[in-house]
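Protein chains in written order, with my numbering: chain A, 1 to 216; chain B, 1 to 229. Heads up, the thing below is written out as structure tokens.
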Amino acid sequence: MDDNVLTVVLVDDHQLFSRGLELLLNTDPERRVRVLARTEHADKALELVRHHRPQVAIIDLVMPPPGGMAAVEEIKRHYPDVCVLALSGNDDVGSAVGALRNGADGFLLKSSEPDELIPPLLAMAAGVSVVPPPVISVLVESWSKSGQRSVSDLTGEELDLLRLVAAGLESLEIAERLQVSERTAKQRVAGLLRRMGVTTRVQAAALAGRAGLLVS
Amino acid sequence: MDRVKVVVSAGTEAAARPLEDGLDGGSNGAIVVEGCAFDARSTVELVRRVRPTVTVIDLDGSDEPSKAGLATIREVARVVPPTRIVALCHSSDAEPSVEALTAGAHGVLIRPADAAELVAPVLAAAFGHCVLHRPLLGALVGSTAPRDSNRDDELLESLNPQYMDLWRMVADGLETIQIAERLYVSERTAKRLVASLLRRLKVANRIQAAALAGQTGLLDDVRAQAPGG
Numbered sequence: 001m002d003d004n005v006l007t008v009v010l011v012d013d014h015q016l017f018s019r020g021l022e023l024l025l026n027t028d029p030e031r032r033v034r035v036l037a038r039t040e041h042a043d044k045a046l047e048l049v050r051h052h053r054p055q056v057a058i059i060d061l062v063m064p065p066p067g068g069m070a071a072v073e074e075i076k077r078h079y080p081d082v083c084v085l086a087l088s089g090n091d092d093v094g095s096a097v098g099a100l101r102n103g104a105d106g107f108l109l110k111s112s113e114p115d116e117l118i119p120p121l122l123a124m125a126a127g128v129s130v131v132p133p134p135v136i137s138v139l140v141e142s143w144s145k146s147g148q149r150s151v152s153d154l155t156g157e158e159l160d161l162l163r164l165v166a167a168g169l170e171s172l173e174i175a176e177r178l179q180v181s182e183r184t185a186k187q188r189v190a191g192l193l194r195r196m197g198v199t200t201r202v203q204a205a206a207l208a209g210r211a212g213l214l215v216s
Numbered sequence: 001m002d003r004v005k006v007v008v009s010a011g012t013e014a015a016a017r018p019l020e021d022g023l024d025g026g027s028n029g030a031i032v033v034e035g036c037a038f039d040a041r042s043t044v045e046l047v048r049r050v051r052p053t054v055t056v057i058d059l060d061g062s063d064e065p066s067k068a069g070l071a072t073i074r075e076v077a078r079v080v081p082p083t084r085i086v087a088l089c090h091s092s093d094a095e096p097s098v099e100a101l102t103a104g105a106h107g108v109l110i111r112p113a114d115a116a117e118l119v120a121p122v123l124a125a126a127f128g129h130c131v132l133h134r135p136l137l138g139a140l141v142g143s144t145a146p147r148d149s150n151r152d153d154e155l156l157e158s159l160n161p162q163y164m165d166l167w168r169m170v171a172d173g174l175e176t177i178q179i180a181e182r183l184y185v186s187e188r189t190a191k192r193l194v195a196s197l198l199r200r201l202k203v204a205n206r207i208q209a210a211a212l213a214g215q216t217g218l219l220d221d222v223r224a225q226a227p228g229g
């Protein structure tokens with residue numbers, strides 16, 4: 001039975017909130033969650049995770065230096081398998097995106113209903129990210145503006161080919177690198193452009209650059 | 001807590017039943033599946049009648065995301081907006097998942113072998129959160145990564161506005177003759193200007209210039225400016 005209990009640590013400088021959350025999670029009638037430990041100091045977060053090895057670390061982003069954002073980054077760097085749920089009292093989309101970029105697996109507002117916290121925690125432990133709708137809108141918009149859109153689903157081989165194209169190589173040079181005929185190289189490039197939804201090599205190169213493919 | 005009402009939409013009954021069983025049977029009474037539907041029209045009818053908190057739409061089909069599945073998402077989002085739509089994909093590819101979000105889904109998950117694993121995410125969606133499979137979040141967040149190259153900044157600062165405009169034209173794939181027309185110069189002059197730009201960029205050809213433009217964020221600015229004219 002204990003295997004089914006989700007283990008959690010809390011990192012929040014507001015004792016009232018943190019203790020309340022601990023009490024609430026620990027008294028779930030279905031006993032789905034157990035809070036192993038709490039800390040009020042961002043710089044103790046990593047130690048807490050190292051010591052208790054929870055499945056989920058809940059971290060308040062708004063804390064005195066070094067701050068919650070640094071704690072998120074540090075935990076994900078050392079323990080990528082530990083899920084990190086970032087919390088914030090204000091609905092600033094920028095800091096939510098920042099936390100996700102630092103590796104957080106999800107973000108929730110502190111104003112979420114307390115008894116509605118457990119399903120998101122369980123979902124996150126099962127590999128599902130939980131994020132407020134306005135944050136998703138921003139991410140989807142950024143995605144459709146970036147070159148990421150056209151390159152995200154390319155295979156490793158296609159990405160290699162794209163790098164050759166974006167390096168400005170002619171079909172013959174690409175053929176030599178791939179050890180295929182020039183005709184085959186041309187066909188592969190044409191197929192790649194189709195997959196990316198562009199018509200010229202110049203466009204493909206621009207998208208490759210935008211997606212950060214050429215930064216070694 | 002009230003039971004969360006859910007409607008399941010899938011291409012076939014065989015695809016829908018396991019979802020119904022997993023959500024209803026695996027949720028310890030937290031979820032009640034009010035019914036299943038198998039195309040856009042009947043899904044909309046069912047959702048309109050039952051008013052579920054969450055509508056789970058399976059995007060099965062060889063052409064993921066299936067056109068029928070996306071059409072169902074669009075119709076449900078348009079006709080019955082209060083219901084939260086959770087789409088189920090069968091691969092972790094980002095592109096089809098983003099299509100589902102753009103069509104109006106509030107969440108995109110990879111369909112698990114055991115549908116009981118959907119209980120927690122569906123409940124989270126019922127509480128108003130967006131739920132995404134982790135690789136999708138990674139891909140979306142990756143698109144916000146700031147470009148941090150000092151060399152690029154120096155490059156951008158060293159070019160005058162005329163060269164920047166020219167660089168954008170080259171990166172957009174304009175031919176020499178088109179560039180000449182835009183700049184009101186002869187084709188020969190345009191060719192010379194492009195050659196000079198490539199020298200300044202320290203690249204060998206236009207393709208490399210385009211790649212560098214993408215990398216430095218030059219083309220992001222264009223997109224950002226586009227809506228304003």
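Glycine residues also receive a C-beta, built at the ideal position from the N, C-alpha and C atoms. Computed from a predicted model, the values in this text were never measured in an experiment.
Between Asp93(B) and chain A, is any beta-carbon pair separated by less than 7 Å?
As a working mapping, residue 93(B) is identified with position 93 in the second sequence. True, the Cβ-Cβ gap to chain A drops below 7 Å.
For a test of the three-state rule: what should DSSP assign to Ala226(B), helix, strand or coil?
What you label residue 226(B) is simply residue 226 of the second sequence in a count that begins at 1. The pLDDT assigned to Ala226(B) is 35, lower than 50, so where the model puts this residue is not dependable; a value taken from the coordinates is nonetheless given after this. Residue state, collapsed to three classes: helix.
Taking C-alpha atoms, which residue in Gly168(A), Ala211(A), Phe107(A) lies nearest to Trp143(A)?
Taking the first residue of the first sequence as 1, we reach residue 143(A) at position 143. Closest by C-alpha distance to Trp143(A), out of Gly168(A), Ala211(A), Phe107(A), is Ala211(A).
Which word fits Leu136(B), buried or exposed, when buried means at least 16 other C-beta atoms lie within 10 angstroms of its C-beta?
Translated into the one-based positions of the second sequence, residue 136(B) becomes position 136. Classification of Leu136(B): buried, given that the 10 Å Cβ count is 16 or more.
Along chain A, in chain order, which residues have C-beta atoms closer than 7 Å to that of Cys89(B)?
In the second sequence, residue 89(B) corresponds to position 89, counting from 1. Under the 7 Å cutoff, chain A gives no residues; its nearest Cβ is about 12 Å from Cys89(B).
Residues of the region 26 to 56 of chain B with Cβ closer than 9 Å to any Cβ of chain A, in chain order:
Those would be Asn28, Ala30, in chain order.
What is the DSSP secondary structure of His133(B), counted as helix, strand or coil?
The count along the second sequence starts at 1 and reaches residue 133(B) at position 133. Of the three classes helix, strand and coil, the one that applies to His133(B) here is strand, per DSSP.
Between Gln208(B) and Ala167(A), what straight-line distance do the alpha-carbon atoms span, to the nearest angstrom?
By one-based count along the second sequence, residue 208(B) stands at place 208. By one-based count along the first sequence, residue 167(A) stands at place 167. Cα-Cα distance, rounded: 6 Å.
Beta carbon proximity, Ser66(B) to chain A, threshold 7 Å:
Taking the second sequence and counting its residues from 1, the one referred to as residue 66(B) is at position 66. Output row for Ser66(B): interface = no.
To test your reading of the DSSP string, which unbroken beta strand (DSSP E) runs of 3 or more residues are found completely within the region 87 to 130 of chain B?
Counting only unbroken stretches of 3 or more residues, the beta strand (DSSP E) elements lying wholly within the region 87 to 130 of chain B are 107 to 110, in sequence order.
Residues of the region 107 to 122 of chain B whose Cβ lies closer than 7 Å to any Cβ of chain A, in chain order:
Flagged, chain order: Leu109, Glu117, Ala120, Pro121.
Going by the C-beta, is Leu218(B) closer than 6 Å to any heavy atom of the ligand GTP?
The ligand content of the structure shown is nil, which means the ligand GTP is not present either.
For Thr7(A), the three-state DSSP class (helix, strand or coil):
Reading the first sequence from its first residue, position 7 is the one you call residue 7(A). The answer is strand: DSSP assigns Thr7(A) an E or B state.
I want to verify the contact list: residues of chain B whose CB lies under 8 Å from the CB of Arg195(A), in sequence order.
In the first sequence, the residue the question calls residue 195(A) occupies position 195. Against Arg195(A), chain B offers no close residue; the least beta-carbon distance is about 10 Å (beta-carbon pairs closer than 8 Å).
Where Ala57(A) sits in the DSSP three-state scheme
For the purposes of this step, residue 57(A) is taken as the residue at position 57 of the first sequence. Annotated three-state conformation of Ala57(A) is strand, per DSSP.
Residues of chain B with CB under 8 Å from Asp92(A), in chain order?
In the first sequence, residue 92(A) corresponds to position 92, counting from 1. Going along chain B, no residue has its Cβ under 8 Å from Asp92(A), so there is no contact; the nearest lies around 15 Å.
Cross-chain neighbours of Gly127(A) in chain B, by beta carbon under 8 Å:
The residue you call residue 127(A) lines up with position 127 of the first sequence. Neighbours of Gly127(A) on chain B, chain order: His133, Arg134.
With DSSP run on the structure shown, which of helix, strand or coil describes Glu34(B)?
The residue given as residue 34(B) occupies position 34 in the second sequence. Under the three-state reduction of DSSP output, Glu34(B) falls in the strand class.
Measure the alpha-carbon distance for Leu108(A) versus Ala10(B) and round it to whole angstroms.
Translated into the one-based positions of the first sequence, residue 108(A) becomes position 108. Translated into the one-based positions of the second sequence, residue 10(B) becomes position 10. CA-CA distance, Leu108(A) to Ala10(B), rounds to 30 Å.
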